[in-house]
Structure formats: C-alpha cells, structure tokens
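**Student:** Here it is, the structure in full.
Residue numbers (our numbering): -14 to 54.
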C-alpha cells in the first residue's frame, strides 16, 4: 500500500505474519489456562489444609467453588 498498490489480505507476507501471531496467541492462551489451573489447585490445597481461616473470606469461598477450565 505504501508503494501505491491495492491492499491484498492474501499477500504471502501478510498471511505468514498472521499465522505467526496466531501461533503466539495460542501459546499465550495455553499459558494463561495452565497458570489459572495452578492457582485454583493452590487455593484448593490451602482451603483443604484449614489454612483458609487466615485468608480473606472471599478467597476461601472462591477456592472451594472454583472450577478448572
């Protein structure tokens, strides 16, 4: 487009860039899901060990009602 050409969404360079960033986004989503599952497991362990009495009430409730994706 900078050279005065029409925009072509199927240009090889644009397709390659979209595929690259789609892969990065998939990796980020997997990481977020994994971190959330670890956090939920952590809070469930705390709630199960009775240490939840030292946690704020809403954190203890979330730990006991959380569901893993």
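Cβ atoms here follow ideal geometry from the backbone N, Cα and C, with glycine treated the same way.
For clarity, every value in this text was computed on a predicted model and none was experimentally measured.
1. For a test of the three-state rule: what should DSSP assign to residue -11, helix, strand or coil?
2. Residue 1 lies in the alpha helix (DSSP H); which residues open and close that run?
3. If you draw a straight line from the alpha carbon of residue -3 to that of residue 3, how long is it in whole angstroms?
4. How big is the Cα-Cα spacing for residue 7 and residue 17?
5. Establish whether the CB of residue -6 and some CB of chain E are separated by less than 7 Å.
**Tutor:** Reading from the atomic positions:
1. Stepping through the chain shown from its first residue, residue -11 is reached at position 4. Three-state result, residue -11: coil.
2. Within the chain shown, numbered from 1, the residue matching residue 1 stands at position 16. Secondary structure note for residue 1: its alpha helix (DSSP H) is the uninterrupted segment -3 to 33.
3. Here the question's residue -3 lines up with position 12 in the chain shown. Here the question's residue 3 lines up with position 18 in the chain shown. Cα-Cα distance, rounded: 10 Å.
4. Numbered from 1 along the chain shown, position 22 holds the residue referred to as residue 7. Numbered from 1 along the chain shown, position 32 holds the residue referred to as residue 17. So the two alpha carbons sit approximately 15 Å from each other.
5. Of the protein chains in this structure there is only one, and it is not chain E.
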